[in-house]
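Chains as they are written, first to last, in this note's numbering: chain R, 391 to 637; chain P, 391 to 637. Below is one structure, written out as structure tokens, with a few remarks after it.
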DNA sequence: TGGTGTGAAGTACTTCACAGCC
DNA sequence: GGCTGTGAAGTACTTCACACCA
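In structure tokens form, the structure reads like this:
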């Protein structure tokens, strides 16, 4: 009966979907700023961000009333307001755990530093990798994980280890007080209430593309596919084919 | 008046949100398979996939009626059905454009091959990188892009170039007939109707984490923050502060 | 006049709760 | 008895359309 509260405590008012778009708006605004644009309408900004203008205005309205009717939004002011809302007016200390190909790419990724994210630690379990210099930082041994987190006040952990190691690392960073995790390992991490995990999974993105690609092809050119609601009946799919029709 | 159709043509029946979760279920199922589990309940599978069981059952019900009441789902059969639905029973040919740190990581990513994605080309504009051998493949010059796409029947393009190059590459792959793009460059690509673009953006994910992290900290320790719906009122925010209260 | 801000309407997704079947 | 499959109810998000105001 009682509607359950599924927003985290302090989210008062800003829908998750909006939060996910604010960084996109911010990027578009920065790019306008670079081009010396001082004022922008919701229509223009929406186009630059790849959304429609009504959505943009509704999103911005959750932050406050920062536009001018008949005119638009002042770029610089809006940049500031969104940055503040996202917490980018302060620096966030990040540690990257797992320095394989992906970890290396992340360590060198310019988009971090430029948005107030400071990589303060690279850690790996592989003795051959420990000690290597990557993007101006020395890779440390995973044994130092807890020390690095506490000493350097790391608040976001980026997990780029192999799948098998990820949960163990997650447990350790959480035990050390980290409550935000960006996970690149292809596993579902289980963490206590109050810890945020965001997941980036390359293979999942490709699979979603494959789904749509298959549909675009009109289902993979099999006659059976026309009757079934499934895309590509494999050889010998007769049985489940019948079941599909019953549904 | 007329409700507009915003699903792509052939999506008949499967919600986008469901499609996005099918790869997660598939991964959980594979892991069960590896452990020799033959049958699984919606409750167990849901836990392994990090969702609740009602959602899982609803999702699966869009594919067909593949479970047995009182028993659960046969793992192998379900793996097959989901794979088929996602189009993973066929191979997808992928080209990676941009072989910097990230492109390299992608080229070596095991999760591609194991899910029916075959990387058939690595391309870059940098003469120093062209000719290098990466994960058993030779990097080719970007000039060969169109040839590679047509000759090898590439159907998915992965763009891992710097932001400035991404739109140009997108235009070229689309002109060569590619209709599915996975974009790692931090820009909004504009593509014709019918082309699917999925975007992975590391910096956006971090910014979303930062937002929640800030909220967890109770807003950035400013007294005004308690009354305002914004996290950290800047100096001189009194005006919009009032407006916020009216909302 | 032109463009924001927002109630209201529409759509998509999630969760509940239980009938139905093994 | 236990677990799936699914209408119905609830929630979240999007889009419309226009009042309001610089």
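For glycine and all other residues, C-beta sits at the position ideal for the given N, C-alpha and C. These numbers were taken from a predicted model, which means no experiment stands behind them.
Taking the Cβ atom as the reference point for each residue, do residue i and residue j lie within a distance shorter than 9 Å?
i: residue 481 of chain R; j: residue 447 of chain R; result: no
i: residue 414 of chain P; j: residue 594 of chain R; result: yes
i: residue 453 of chain P; j: residue 435 of chain P; result: no
i: residue 601 of chain P; j: residue 412 of chain R; result: yes
i: residue 450 of chain R; j: residue 495 of chain P; result: no
i: residue 555 of chain R; j: residue 576 of chain R; result: no
i: residue 551 of chain P; j: residue 487 of chain P; result: yes
i: residue 586 of chain P; j: residue 603 of chain R; result: yes
i: residue 458 of chain R; j: residue 466 of chain R; result: no
i: residue 499 of chain P; j: residue 592 of chain R; result: yes
i: residue 476 of chain P; j: residue 570 of chain R; result: no
i: residue 584 of chain R; j: residue 606 of chain P; result: yes
i: residue 597 of chain R; j: residue 505 of chain P; result: yes
Quick check on residue i: does DSSP put it in helix, strand or coil?
i: residue 512 of chain P; result: strand
i: residue 470 of chain P; result: helix
i: residue 463 of chain R; result: strand
i: residue 449 of chain P; result: helix
i: residue 519 of chain R; result: coil
i: residue 588 of chain P; result: strand
i: residue 429 of chain P; result: strand
i: residue 403 of chain R; result: coil
i: residue 475 of chain R; result: helix
Going along the chain, which residues of its own chain have a beta-carbon closer than 8 Å to the beta-carbon of residue i, five neighbours each way excluded?
i: residue 540 of chain R; result: 566 and 567
i: residue 502 of chain R; result: 484, 496, 508 and 509
i: residue 542 of chain R; result: 483, 485, 510 and 511
i: residue 440 of chain R; result: 414
Could you give the residue range of the alpha helix (DSSP H) that holds residue i?
i: residue 605 of chain R; result: 592-606
i: residue 411 of chain P; result: 406-424
i: residue 432 of chain R; result: 432-439
i: residue 492 of chain R; result: 491-497
i: residue 539 of chain R; result: 535-541
i: residue 562 of chain R; result: 553-565
i: residue 501 of chain R; result: 500-503
Along chain P, which residues have their Cβ under 8 Å away from the Cβ of residue i?
i: residue 415 of chain R; result: Within 8 Å Cβ-Cβ: nothing; residue 415 of chain R doesn't reach chain P, min ~11 Å.
i: residue 549 of chain R; result: In chain order: nothing, as chain P lies at least about 12 Å away.
Leaving out the 5 sequence neighbours to the left and right, which residues in its chain are closer than 7 Å to residue i when beta-carbon positions are compared?
i: residue 469 of chain R; result: 416, 419, 420 and 423
i: residue 534 of chain P; result: 513
i: residue 538 of chain P; result: 485, 511, 513, 530 and 544
i: residue 404 of chain P; result: 452
i: residue 408 of chain P; result: 449 and 452
i: residue 406 of chain R; result: none
i: residue 559 of chain P; result: 487, 549 and 551
i: residue 520 of chain R; result: 514, 529, 530 and 531
Residues of chain P with CB under 9 Å from residue i, in chain order?
i: residue 531 of chain R; result: Within chain P, no residue comes near residue 531 of chain R; the closest Cβ sits about 22 Å away, beyond 9 Å.
i: residue 586 of chain R; result: 598, 599, 602, 603 and 606
i: residue 438 of chain R; result: 578
With a threshold of 6 Å on Cβ separation, who are the neighbours of residue i within its own chain once the five nearest residues in sequence on each side are excluded?
i: residue 431 of chain P; result: 462
i: residue 479 of chain P; result: 473
i: residue 515 of chain R; result: 532
i: residue 563 of chain R; result: 547
i: residue 438 of chain P; result: 418
i: residue 536 of chain R; result: 566
i: residue 589 of chain R; result: 573
i: residue 525 of chain P; result: 497 and 498
i: residue 489 of chain R; result: 512, 514, 519 and 529
Output, in chain order, the set of chain R residues within a Cβ distance shorter than 8 Å of residue i.
i: residue 486 of chain P; result: None at all; the shortest Cβ gap to chain R is about 11 Å.
What are the start and end residues of the beta strand (DSSP E) that includes residue i?
i: residue 572 of chain R; result: 570-573
i: residue 547 of chain P; result: 546-549
i: residue 483 of chain R; result: 482-487
Which residues in chain P sit within 7 Å of residue i, going by Cβ to Cβ distance?
i: residue 576 of chain R; result: 417 and 501
Indicate, with yes or no, if the ligand HEM has a heavy atom lying under 8 Å from the CB of residue i.
i: residue 548 of chain R; result: Of ligands this structure carries none, so the ligand HEM is not represented either.
Just to make sure I have the definition right: I need the residues of chain R whose C-beta is within less than 9 Å of the C-beta of residue i. Which are they?
i: residue 496 of chain P; result: 491, 492, 495 and 592
i: residue 476 of chain P; result: 597, 598, 600, 601, 604 and 621
Run down chain R in chain order and give the residues with a C-beta less than 7 Å from the C-beta of residue i.
i: residue 409 of chain P; result: 598 and 601
i: residue 572 of chain P; result: 595, 596 and 599
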